[in-house]
Structure formats: C-alpha cells, structure tokens
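**Student:**
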Amino acid sequence: LISNLIFKTSKMSTIKEYVESQLAPESITEEENLLIDFEDLEETGEAIQEIETLTEEDKTFLEGFTGLKSLSLKSIGLRAAQNLPKLDQLEELDLYGNSISTGLEALNIYPDLKSLDLSENEIENLDAFKSLKLVNLEQLYVMETPLKAKVEEYYLKLAEQFPSLRQIDSYFLSEEGEWEFREDEEEEEEDPNNPGLAYLYQKDINGTDSDIDGEEYIPNEEEEEEDEPISDDESEEEID
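Every position in the sequence shown, counted from 1, becomes a number in my numbering once 16 is added.
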C-alpha cells in the first residue's frame, strides 16, 4: 500500500482532480494514508487555487477511499470543518495550516478518531470544542493558534473536556495522571542493562587500571603467575 501521497500541482481546482492526476483509480480502495498538501507550492511561488470548502464532488470522491485510516488536508485554505467525507475507519485527521475557526462539530462523523491536528488554524477559544464528541481521541494538536496564546493552561481545560487524551501539543499525561511538558527532542537515557565498556573497565586519571568505583585494579593469582618474569637461571635450564 502506498502511504502519505503528496499532490503538488497548481493547474486543477478540485481535490478529485488533484488525486486523480497522481493515483491510479484501481488503487483507491486500497489506500490507508492520504496526504494532500498545498504548502510546498506556496514556497515555490506557484499560483494555486485554495479550496475554502470541499465540494460535493470532492466529498463523494474521498468517500471512495473506504479503507482510509489517515487523511491529511494541509494548507488547502479550508475556512470551516464542513462537508468532510465520511470515512468509517478514519483514525488520524490532519487539518494543519488552514483557516478553520468554527464548525468542529462536523468532525463527530469520525467516532474512532484518535489523532487530530488543528495547528495553525484560527481557533480562538474553548467554545469551538463544546460540540465536539470524540470519546476515543488520544492526541490533539492546537499549536500556533490564537487559543494557545489567549487561554491560560489551555491543555488542562481541553483535557477536562476530552478525558481520553494522552497528548496535547508537547504536554503528555504521565502514569501518575499528571500533565507534563516535554521537549521535542529528549536526551537519550542510558540503558542500565547496557552500560558500555566504560562500566566494565576504565583508566583512572593516573593511568592505572581501576573499576567503576575508582578502586585500584588488583590482578588475581593466576594473572600474577602469567605475568611473572622468567629469571636468567630458569631461562638457561630450559635451553639446556
């Protein structure tokens, strides 16, 4: 199965035309991941026609992807979450970079949705979420929205409304039930079961062998016997 398809063309005006230009018709029902992104076109300076709302033709066409689990409609110009396709198996929806401010109740057609990205949209307050009933939602992203800037501890308020959430932006729910902020890139923790060679054998600052606690290394008796130099008399006896 092909995943994360990216359609980049500025000569068409509907989602259906975008997809059909890149995807064989017979593979539509087999796709699980579909990504439609206008953002790269803007960076290259190409003229594109943003889609303020999906047409009935677009909606019907996308509903033909019966096995779709992940749908991304990034930066296509949507002003409301309306007329979206009904996809019974959808678990991830990415609406990043649009102009959505209202109409989130339309997303209730995705009862199994686990991940929702509304980053860089125009959502200003928590009222926008009041009619949203997503009981299986685990991840919610609202980065770079007016909501995040205006509402103090917005993530706690969203967590109250959606008890199933485990991640809101960079906040994660701990095993103790507390919300914790985590950086995007955490330092890799040392594996206690694989401490590396330094744990087993190392040199102290004086150049003498020592173990991990800094104690002087003492060879056992067998090692002493192996390392003991042979005297000249013993060497002559062996030659004779």
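Note that CB positions come from ideal geometry on N, CA and C, so glycine has one too.
Could you name each continuous beta strand (DSSP E) segment of 3 residues or more that falls completely within the segment 44 to 128, going from the start of the chain to the end?
**Tutor:** DSSP runs (the beta strand (DSSP E)) wholly in the segment 44 to 128: 49 to 53, 86 to 90 and 108 to 110.
**Student:** So what's Glu36 in DSSP terms, helix, strand or just coil?
**Tutor:** In this structure, Glu36 counts as helix in the three-state DSSP scheme.
**Student:** Taking 6 angstroms as the cut-off, is the CB of Gly113 close to at least one heavy atom of the ligand FMN?
**Tutor:** In the structure shown, the ligand FMN is absent, as is every other ligand, since no ligand is present at all.
**Student:** The alpha helix (DSSP H) that contains Glu196, what's its start and end?
**Tutor:** Counting along the chain, Glu196 falls outside any alpha helix (DSSP H), though it belongs to the beta strand (DSSP E) covering Trp195 to Phe197.
**Student:** Taking its Cβ as the centre, do 16 or more other Cβ atoms sit within 10 Å of Glu72, making it buried, or is it exposed?
**Tutor:** So Glu72 counts as exposed.
**Student:** Of all the options Ala40, Leu94, Ser86 and Glu47, which has the alpha carbon lying nearest to the alpha carbon of Thr30?
**Tutor:** Selected option, being the one with the closest Cα: Leu94.
**Student:** Tell whether a beta-carbon distance below 7 angstroms holds between Ser135 and Glu160.
**Tutor:** Result yes, Cβ atoms of Ser135 and Glu160 sit closer than 7 angstroms.
**Student:** Are the CB atoms of Tyr170 and Leu181 within a distance shorter than 7 angstroms?
**Tutor:** Contact: no.
**Student:** To which residues of the same chain is Asn99 closer than 6 angstroms at the C-beta, ignoring the five residues directly before and after it?
**Tutor:** If we look at Asn99 and ignore the five residues flanking it on each side, its Cβ neighbours are Thr69, Leu70 and Lys75.
**Student:** If you compare alpha carbons, which of Leu103, Glu140 and Gly113 is closest to Ala122?
**Tutor:** Checking every option, the nearest Cα to that of Ala122 belongs to Leu103.
**Student:** Out of Gln155, Ile139, Leu106 and Asp128, which has the shortest C-alpha to C-alpha gap to Ser117?
**Tutor:** For Ser117, the nearest C-alpha among the options comes from Ile139.
**Student:** Is it true that the CB of Tyr126 sits closer than 7 angstroms to the CB of Leu106?
**Tutor:** Yes; because the gap between Cβ atoms is below 7 angstroms, this pair is in contact.
**Student:** Under the DSSP definition of a beta bridge, which residues are partnered with Tyr157?
**Tutor:** DSSP, once it has assigned bridges, lists Asp133 as partnering Tyr157.
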